[in-house]
Amino acid sequence: MISPQQAADALKEADAAEKRSARAYRYQRSAPHLFLWGAIWLAGYGGSDLWPRYAGWLWTGLLLLALAVSIAVGRYGNSDSQGQAGRGNWRYAVTFMAIWAFFGATYAVMGPITHLQEGAFPPLVVALAYVLTGLWSGPRFVVAGVAVAALTLGGFFYLPQHFLLWEGFVGGGALILAGAWFRRV
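Reading the sequence shown from the start, the letters are residues 265 to 449 in our numbering.
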């Protein structure tokens, strides 16, 4: 027979193991998206710095590509044991459209803005989203969000002449490194 205290301790240990497992699962599920968006970030900001005249077209193409790949990755990750794709991936598209509508509306009401402000705003919103996600999903999200925000602000204030290139490498690189870190659970 086990004592009530031993039973309570065993239940606490099981609960802690379940929470660690759920956190590890969320990290694993997030890693491919961090790799993808890090690469998009690198290409978008780097390309905008090199070819500013085509930045709008570049970002449009990259964002549509990223949306399609994110949906495919989510569908693959939601497959059950029989390989059936999970439902609800339409939420990725709606979320994506809502976020970009928010950015457009914000630019419209806050303008005029410079290309540096325009380039810094999305990474700061992403950083906020990671920090808020981390409050419920695990501290690695918080660290990733703080890193993206700090690197963005550092480049904005200290390297304005090379901000887009900076943001491409350090912002995209931070997301790619976070993806690698999230996979190592």
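From the three backbone atoms N, C-alpha and C, an ideal C-beta is built for every residue, glycine too.
Exposed or buried, residue i, counting other C-beta atoms within 10 Å across all chains shown (16 or more means buried)?
i, result
"Ala442", "buried"
"Ser285", "exposed"
"Ser294", "buried"
"Ala319", "buried"
"Tyr289", "exposed"
"Tyr309", "buried"
Please work out which residues of its chain come closer than 7 Å, Cβ to Cβ, to residue i, disregarding the five sequence neighbours upstream and downstream, and give them in chain order.
i, result
"Leu415", "Val434, Gly435, Ala438"
"Phe299", "Ile440, Gly443"
"Pro424", "Leu380"
"Trp305", "Gly432, Gly435, Gly436, Leu439"
"Tyr371", "Ile377, Glu382"
So, residue i versus residue j, is the Cβ gap smaller than 7 Å?
i, j, result
"Pro296", "Val337", "yes"
"Pro387", "Val412", "yes"
"Leu428", "Gly383", "yes"
"Ala391", "Gly402", "no"
"Leu326", "Ala303", "no"
"Gly431", "Gly419", "Note that residue 431 is Glu in the sequence shown, not Gly. Yes, the pair counts as a contact, with Cβ atoms nearer than the cut-off."
Counting only the same chain and skipping the five closest in sequence on each side, list residues whose C-beta sits under 8 Å from that of residue i.
i, result
"Arg404", "Tyr291, Gly398, Ala442, Trp445, Phe446"
Could you tell me how far apart the beta carbons of residue i and residue j are, in whole angstroms, since I believe they sit closer than 8 Å?
i, j, result
"Trp228", "Ala330", "This structure cannot speak to residue 228, because the chain is shown only from 265 to 449."
"Ser312", "Leu322", "6 Å"
"Phe367", "Phe385", "7 Å"
Reducing DSSP to helix, strand and coil, say where residue i ends up.
i, result
"Ser312", "helix"
"Pro296", "helix"
"Arg404", "helix"
"Thr416", "helix"
"Ser267", "coil"
"Arg317", "helix"
"Leu428", "helix"
"Asp273", "helix"
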